[in-house]
Amino acid sequence: RFKAICAGMPPAPPLPTPRPGEQRAVMHIDMDCFFASVAVAHFPAFAGLPLAVSWGNPSVESGHGEIASCSYEARARGVRNGMW
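In my numbering, the protein residues as written are -5 to 78.
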């Protein structure tokens, strides 16, 4: 299924050529924890606590939201991004 989806997509743009003497670096950034980390930066009292940041649509009658980000402490307790 994944291959079928990718087959219908345009090819990725070419990577820029590194300048002479430079090397390309690949970084892995954990964005799953990003919003929780920003919340801790703004509210240091939350540091070390299980923290989840959620979003929702107030115009939807069901009133439920989704977890956009959670701290590692929350993950250790079973909370995951995307939970309803």
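For glycine and all other residues, C-beta sits at the position ideal for the given N, C-alpha and C.
Please read all numbers here as calculations on a predicted model, not as lab measurements.
Practice task
Please confirm whether Pro44 and Arg71 have their CB atoms less than 8 Å apart.
Solution key: Counting from 1 along the sequence shown, the entry for residue 44 is found at position 50. Counting from 1 along the sequence shown, the entry for residue 71 is found at position 77. Yes, these two residues count as a Cβ contact at 8 Å.
Exercise for the section: Leaving aside the five residues before and after Ala41 along the sequence, list all residues of the same chain whose C-beta is less than 8 Å from its C-beta, in chain order. Expected result: Numbered from 1 along the sequence shown, position 47 holds the residue referred to as residue 41. Cβ within range, chain order: Val34.
Practice task
Output the distance between the C-alpha atoms of Phe37 and Glu55, rounded to the nearest integer angstrom.
Solution key: For this step, residue 37 is matched to residue 43 along the sequence shown. For this step, residue 55 is matched to residue 61 along the sequence shown. Computed Cα separation, rounded: 31 Å.
Practice task
For Ala1, count neighbouring Cβ atoms within 10 angstroms of its own Cβ and tell me buried if that reaches 16, exposed if not.
Solution key: Within the sequence shown, numbered from 1, the residue matching residue 1 stands at position 7. It counts as exposed.
Exercise for the section: Look at the alpha carbon of Ala39 and the alpha carbon of Gly59, and state the distance between them as a whole number of angstroms. Expected result: Within the sequence shown, numbered from 1, the residue matching residue 39 stands at position 45. Within the sequence shown, numbered from 1, the residue matching residue 59 stands at position 65. So the alpha carbons of these two residues sit roughly 24 Å apart.
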